[in-house]
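For reference, the structure discussed in these notes is given below.
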Ligand SMILES: *Cc1c(COP(=O)(O)O)cnc(C)c1O
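Residue numbers (the working numbering): 2 to 390.
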């Protein structure tokens with residue numbers, strides 16, 4: 002008999018009752034160090050007092066009123082995102098998948114408005130992940146996500162990740178945009194080289210394409226910059242964000258330059274919930290901290306520290322970890338053993354991690370971790386490796 006919950010997930014037999022900073026607790030008070038952040042979402046840790054306060058205050062005033070009315074905190078969050086990025090404008094939604102979908106629609110609409118409706122195709126990378134809507138799974142291009150859900154939405158071409166020649170060769174008369182994750186997440190924690198991202202900008206300019214980055218996982222401070230693409234000094238036209246932006250409250254945004262958004266006029270797109278007062282309270286509270294003095298530097302410092310310690314681990318346990326890669330606090334261990342088994346053993350020893358791709362153990366610790374959390378995680382990792390050997 003089918004479970005009451007549609008069985009599209011296969012959850013561990015482990016439930017949490019509460020969270021505090023980098024830790025999760027079960028009802029019987031077992032403690033776990035959370036290096037998943039709910040898949041990159043609770044970036045400021047669990048139950049951060051500033052976010053809790055902001056949400057509690059907003060919850061007693063107004064949750065939702067629809068975009069038929071002015072939402073002052075939405076204006077404020079949009080202005081702050083614009084002031085701290087390449088963007089001139091923001092569309093709010095509730096998830097990463099919707100943020101990417103909005104960007105795809107915007108790219109098509111841009112060329113339509115410019116008198117080129119034939120330009121609707123988007124070049125994407127192999128091994129990409131862009132969400133689960135019909136257009137997003139077509140953009141992701143992974144058989145395991147599209148199988149049985151056909152016909153696949155037309156208009157997405159795939160090229161090997163981080164190969165500029167292959168990408169340039171795929172540009173045709175119908176190409177509208179390039180859609181890339183600056184650091185591939187689900188596909189296996191692969192940072193794109195800076196010169197690749199710079200080459201994408203040059204190709205987009207040369208052929209009149211929009212450059213669209215999916216920063217749903219790597220954005221919002223995760224890599225030690227507000228956006229991952231800042232490391233390469235590249236200016237995109239459209240960026241999708243979600244996950245970390247709400248600190249755990251469902252919130253996504255599609256950010257765009259004035260040029261890219263030129264044809265998104267009144268009525269062209271929408272969302273009932275998107276940008277509601279409760280979500281905006283969460284988003285503004287998250288930005289208070291993310292944009293606070295020295296916060297992103299702290300993320301970069303912790304990222305470097307964890308990276309060095311993981312490199313040491315790989316050197317000492319070659320039979321288990323063969324390589325470390327990533328950027329900031331978005332890190333992946335290439336595993337010589339089945340990555341799921343390693344994740345399960347780590348969980349047994351009190352450390353929560355994720356997998357990515359077929360061979361990678363993924364870590365997305367909260368951005369607020371301190372050196373003591375890195376020490377604790379490394380102790381569990383070393384102990385688990387020794388037990389395995
Ligand atoms: C998680 C993710 C998405 C989808 O986000 P949802 O909130 O699950 O819809 C899209 N792109 C990337 C890069 C992601 O990591």
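Here a beta-carbon is modelled for each residue, glycine too, at the ideal position from N, C-alpha and C.
Would you identify the three-state DSSP class for residue i, choosing helix, strand or coil?
i, result
"residue 360", "coil"
"residue 390", "coil"
"residue 245", "helix"
"residue 379", "helix"
"residue 331", "strand"
"residue 21", "strand"
"residue 178", "strand"
"residue 319", "coil"
"residue 186", "coil"
"residue 224", "coil"
"residue 192", "strand"
"residue 284", "helix"
"residue 368", "coil"
"residue 215", "strand"
"residue 262", "coil"
"residue 5", "coil"
"residue 337", "coil"
"residue 235", "coil"
"residue 343", "helix"
"residue 252", "coil"
"residue 210", "coil"
"residue 324", "strand"
"residue 204", "helix"
"residue 292", "coil"
"residue 198", "helix"
"residue 279", "helix"
"residue 229", "helix"
"residue 257", "strand"
"residue 15", "coil"
For residue i, does the count of other Cβ atoms within 10 angstroms reach 16, so buried, or fall short, so exposed?
i, result
"residue 227", "buried"
"residue 66", "exposed"
"residue 6", "exposed"
"residue 192", "buried"
"residue 75", "buried"
"residue 107", "buried"
"residue 1", "Any answer about residue 1 is impossible in this case: the structure gives the chain only from 2 up to 390."
"residue 84", "exposed"
"residue 209", "exposed"
"residue 64", "exposed"
"residue 349", "exposed"
"residue 54", "exposed"
"residue 244", "buried"
"residue 376", "exposed"
"residue 70", "exposed"
"residue 60", "exposed"
"residue 10", "exposed"
"residue 293", "exposed"
"residue 277", "buried"
"residue 173", "exposed"
"residue 150", "exposed"
Whose CA, out of the options, lies closest to the CA of residue i?
i, options, result
"residue 353", "360, 366, 256", "366"
"residue 317", "383, 169, 209", "383"
"residue 238", "195, 273, 250, 201", "201"
"residue 104", "255, 225, 89", "255"
"residue 18", "48, 9, 41", "48"
"residue 357", "345, 371, 333", "333"
"residue 328", "294, 78, 184, 272", "184"
"residue 249", "139, 33, 44", "44"
"residue 389", "132, 31, 321", "321"
"residue 265", "199, 82, 110, 134", "110"
"residue 78", "289, 272, 341, 114", "289"
"residue 146", "157, 158, 132, 156", "132"
"residue 197", "325, 121, 369, 169", "169"
"residue 339", "360, 351, 225", "360"
"residue 125", "212, 287, 189", "212"
"residue 139", "102, 341, 164", "102"
"residue 233", "134, 182, 247", "182"
"residue 221", "189, 175, 287, 314", "287"
"residue 392", "330, 298, 297, 299", "No answer is possible for residue 392: the residues shown for the chain start at 2 and end at 390."
"residue 259", "3, 223, 88, 92", "88"
"residue 29", "21, 298, 15", "15"
"residue 261", "309, 301, 177", "177"
Q | 3-residue-minimum beta strand (DSSP E) runs that sit fully inside the stretch 95 to 164, ordered along the chain | A | 122 to 126, 157 to 160
Q.
Going residue by residue through the stretch 29 to 98, where are the continuous beta strand (DSSP E) segments of at least 3 residues, counting only ones entirely within it?
A. 32 to 35, 90 to 94
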